[in-house]
Structures are given as structure tokens and as C-alpha cells.
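Written out below as C-alpha cells is the structure these notes cover.
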Amino acid sequence: MAPIRVPDTLETDRLVLRPRRVEEAATYRRLWTERDPRVPEHRRIDAHGRPTVADIAAGVDGEPGLLAVHRRATAELIGYCGLTLHGSERSDEPELAFELLRAAHGRGYATEAGRAVVEWARESGCPRLWATVWDWNVASRRVLEKLEFDETGTVLAESTHGRSMLTVRHL
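If you count the sequence shown from 1, you need to add 1 to reach our numbering.
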């Protein structure tokens, strides 16, 4: 399979998804500050305030398949959704990843953005997608269910933070 081409934009009724920009790093850091305390420490702001906005800005280009999610009506950045090859054993089976600011939760934006990304993956020729989700993260599990991901019963990690479960979506 040819490498997946990152689109200039994906559009839905309410959202515009496009490649992330370094100047948005403060919003992406805000996502870190809003994370549930059950998220493992390495994915939260540490006692020294890391990652900083500069740290996050330096990594924005490192995941080109993650797209900024903006509300169409206001252009407000509300999070990200996209594909990452991080941790994938096969380049034709990327991982779906999404995270939205708390103020955007409960409005169906994650599902709407996820549908656009799943369609992008399908059009790119991906045979399947996978995603991991913490067992306690009921909202994300529900989004993945709406996107027709199936929980496989495979636990990828288990710790005091819960169980990280594998889900898959055949395209």
C-alpha cells in the first residue's frame, strides 16, 4: 500500500479538520491540563510543568496524520483527530486518535470528526484501523462504538490506571 496522504482539509457539517500548526501549541497543551487524573503520569503535565507549550510546539510536526479540529461556524480550535502510525506494526493499519477540549464534550464532535477520518482512511486504501481506549473512558468507548470499532477483548496494558483495551474497525 502507498503511504497515506494527509489531506489539506476534511470537512463535515459542523467541523473543519486540517493539519495542526505550531502556533496552536497552547491549545494542545490545554488538552494535557484537562486530562483525567487516571491517565498515566507520562501523558499529563508533570510537577515541573512539562510538557511546556514550547515542548508541544516542537512535536506538532512529528505526527502529521493528526488533524486540528475546528468548529466551522467560529473557526475555534477544539482538539485533534486523525491517524497515527505510532505503535503500529503495519503501516497500512494506522491508529485512530482523538482528543477534544472539555468544553466541546457531549456535542457529538468526536464522532463527527472520527467519521471523517475513518472515511479518509477508507479512501486511502487502509484495510482496517485500530484504537486503544482505557476501560474507564466510557465516553471514548461510546465514540468508538458509534464509529463501528469492535472491542477485541485484548488488553494492551494493565496498571493502577486501568486496562488499555484494543479496538478495531475493518474498512
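Using N, Cα and C, we set each Cβ at its ideal position, and we do this for glycine too.
By the CB criterion at 8 Å, glycine 109 and leucine 148 fall outside the cutoff.
Methionine 166 and aspartate 151 have their C-alpha atoms some 11 Å from each other.
In the three-state scheme derived from DSSP, where H, G and I count as helix and E and B as strand, serine 160 is classed as strand. 8 Å or more divides the Cβ of arginine 142 from the Cβ of leucine 172.
Taking C-beta separations shorter than 8 Å and ignoring five residues to either side along the sequence, the partners of threonine 112 in its chain run Val144, Lys147, Leu148, following chain order. If only complete runs of 4 or more residues are kept, the stretch 4-86 shows the alpha helix (DSSP H) at 26-35, 54-60, in order along the chain.
Annotation: glycine 163 to aspartate 136 spans about 6 Å, alpha carbon to alpha carbon.
In summary, histidine 71 is buried, with 16 or more beta-carbon neighbours lying within 10 Å of its beta-carbon over all protein chains present. In this structure, DSSP gives leucine 101 an extended state, which the three-state scheme calls strand. Within its own chain, the residues whose Cβ lies closer than 6 Å to the Cβ of threonine 13, once the five positions on either side in sequence are excluded, are Glu113, Ala117, listed in chain order. Assigned with DSSP and collapsed to three states, glycine 154 falls in strand.
A contact is defined here as three or more CB-CB pairs under 8 Å, and the stretch 50-67 meets this definition with respect to the stretch 22-36.
Apart from sequence neighbours up to five positions away, the residues of its chain that approach serine 160 with a beta-carbon distance below 8 Å are Pro41, ordered along the chain. Linking glutamate 35 to arginine 15 through their CA atoms gives a straight-line distance of about 23 Å. Inter-residue distance for leucine 67 and arginine 19 is about 8 Å (C-alpha atoms, whole angstroms).
Rounded to whole angstroms, the gap between the alpha carbons of alanine 132 and histidine 49 is 30 Å.
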